[in-house]
Amino acid sequence: MKVIFTILFTIITAFAFCQPQPRRIMFRTLGKDSINLHMDENYALIEDSCSTVIRYGHLRMQDRKFIGTFRDLNKYDPSIVLAEGRYTNEGQLDGHMIMNYLNGEPLAEGTFDKGIMTGKWIIYYPGNKKRLEFENNAGQTRILNAWDISGKQTVIDGSGTYRSDLDMVYWEGKLVNGRPDGVWRGKKHEDRTGTVLVSETFKNGSFVKGSGPIGNYTDESRIVLAGNNLTPITKAGLLMPSPRACGAAASRKKTVLAVYKDGNMAFMEAVKTEIQPVFAKVDLNMYPYKTFQIKAGIDSKGKLTSFHYVDGWEDRQASALIQALSRLPYLEPTLVDGQPVASEISFNFKIDRNLYTYSFRITPIK
1 MKVIFTILFT IITAFAFCQP QPRRIMFRTL GKDSINLHMD ENYALIEDSC STVIRYGHLR
61 MQDRKFIGTF RDLNKYDPSI VLAEGRYTNE GQLDGHMIMN YLNGEPLAEG TFDKGIMTGK
121 WIIYYPGNKK RLEFENNAGQ TRILNAWDIS GKQTVIDGSG TYRSDLDMVY WEGKLVNGRP
181 DGVWRGKKHE DRTGTVLVSE TFKNGSFVKG SGPIGNYTDE SRIVLAGNNL TPITKAGLLM
241 PSPRACGAAA SRKKTVLAVY KDGNMAFMEA VKTEIQPVFA KVDLNMYPYK TFQIKAGIDS
301 KGKLTSFHYV DGWEDRQASA LIQALSRLPY LEPTLVDGQP VASEISFNFK IDRNLYTYSF
361 RITPIK
């Protein structure tokens, strides 16, 4: 006779957006190791009242590893199978697998070999639109075909331009025969200046050298062309709680502050070009020590507007500086959840012993 037990796990989380109360996530065990586990769409553990995915499978409690067969269903429509497959005794995904979005549309199809995506894989955008076709054999990945979100094919039969999105950075460069060729550049997500953090050089698909913040390297490439980062199901084995508790306040809005298209240093140079003629006409010896500030708005198109000065300087000089600063180029506007919004910028000046310094700061509107 099988006995059903309900196990209560209290999980203390250190995520920034969690409630101060301990997290309590429940799942049921059936017999020795069978489980009924609630997760969100990113395969993170969550309170069952907020879950969208229910996993039916086997969990070895001693080392917290999934083993054997499993089945993931849409909680609100159990007829939709999100994924079905098996884990090895070491807790690794294994075998052919078809994965679907919550609405039942295809997400990915391919084969795992002891946790590694092997052979040919197809990845889809929502809406049953192809995103990527690649193959991974003997530890080497070849990109076959790729499409952007608009449906434009960017890689055809292994040739074209390609972008690989990883956790902290994304890589982009040229492919030949499905492998990197020439110089590839790694950039930070959401950095609209396009600043290159790291670069690598390839020849005939083979890694030659790389250069990054900690120096040059020749041991191996840091690029992952395609892999387990493309499917959320690979996160299930981590048994990590979701960043936000069920019933907690909505996540904070994601804000990306305004920036000059060529970067902060280039914007500082633009400021210098405009204000230098103004200070050249001022006898700084008259001001042994002086600090003052000029503020402006940045509209949703990135234009600097509504200049005014605070902490007072002489009206004539301050007006001349405002006129100079009003000639600065447009910025890329501040984004809140991807939408352009107005923000503010302050220019801070200090005169000390016949020298002047300046800085700027961009802030969201409170």
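Counted from 1, the sequence shown has number 166 at position 166 by the UniProt record's numbering; the numbering is strictly sequential.
Every residue, glycine too, gets a C-beta built ideally from N, C-alpha and C.
Since the model is a prediction, treat every value here as computed from it, not as a measurement.
Grab the span of the beta strand (DSSP E) containing residue i for me, first residue to last.
{"i": "residue 167", "result": "Run containing residue 167: none; DSSP gives neither H nor E here."}
{"i": "residue 352", "result": "343-352"}
{"i": "residue 277", "result": "That residue, residue 277, is in no beta strand (DSSP E); its alpha helix (DSSP H) goes 264-280."}
{"i": "residue 241", "result": "From DSSP, residue 241 is part of no beta strand (DSSP E); its letter is neither H nor E."}
{"i": "residue 211", "result": "206-212"}
Could you work out which residue in the options is closest to residue i when comparing CA atoms only?
{"i": "residue 360", "options": "313, 304, 114, 315", "result": "304"}
{"i": "residue 199", "options": "192, 362, 181", "result": "181"}
{"i": "residue 63", "options": "237, 316, 276", "result": "237"}
{"i": "residue 95", "options": "113, 265, 49", "result": "113"}
{"i": "residue 163", "options": "122, 174, 156", "result": "174"}
{"i": "residue 185", "options": "178, 270, 277, 194", "result": "194"}
{"i": "residue 41", "options": "244, 310, 295", "result": "244"}
Pull up the distance between the alpha-carbon of residue i and that of residue j, whole angstroms please.
{"i": "residue 347", "j": "residue 366", "result": "18 Å"}
{"i": "residue 378", "j": "residue 340", "result": "Because residue 378 is not part of the residues shown, which for the chain are 1 to 366, the question remains open."}
{"i": "residue 171", "j": "residue 321", "result": "41 Å"}
{"i": "residue 353", "j": "residue 291", "result": "12 Å"}
{"i": "residue 212", "j": "residue 315", "result": "48 Å"}
{"i": "residue 300", "j": "residue 330", "result": "11 Å"}
{"i": "residue 130", "j": "residue 154", "result": "12 Å"}
{"i": "residue 233", "j": "residue 307", "result": "51 Å"}
{"i": "residue 144", "j": "residue 151", "result": "16 Å"}
{"i": "residue 357", "j": "residue 254", "result": "32 Å"}
{"i": "residue 364", "j": "residue 106", "result": "39 Å"}
Which term fits residue i, buried or exposed, when burial requires 16 or more other beta carbons within 10 angstroms of its beta carbon?
{"i": "residue 288", "result": "exposed"}
{"i": "residue 343", "result": "buried"}
{"i": "residue 355", "result": "exposed"}
{"i": "residue 139", "result": "exposed"}
{"i": "residue 5", "result": "Below a pLDDT of 50, predicted positions are generally treated as unreliable, and residue 5, at 39, falls in that range; the measurement from the model is reported next regardless. When all chains shown are included, residue 5 counts as exposed."}
{"i": "residue 197", "result": "exposed"}
{"i": "residue 15", "result": "Reliability of the predicted coordinates at residue 15 is poor, the pLDDT of 36 falling under 50, and the value obtained from them is presented with this limitation in mind. That one is exposed."}
{"i": "residue 72", "result": "buried"}
{"i": "residue 78", "result": "exposed"}
{"i": "residue 99", "result": "buried"}
{"i": "residue 158", "result": "buried"}
Could you check where the alpha helix (DSSP H) with residue i kicks off and where it finishes?
{"i": "residue 322", "result": "315-325"}
Quickly, what does DSSP pair residue i with across the bridge? List them, please.
{"i": "residue 136", "result": "119, 141"}
{"i": "residue 77", "result": "74"}
{"i": "residue 293", "result": "310, 348"}
{"i": "residue 334", "result": "341"}
{"i": "residue 129", "result": "125"}
{"i": "residue 181", "result": "174"}
{"i": "residue 96", "result": "111"}
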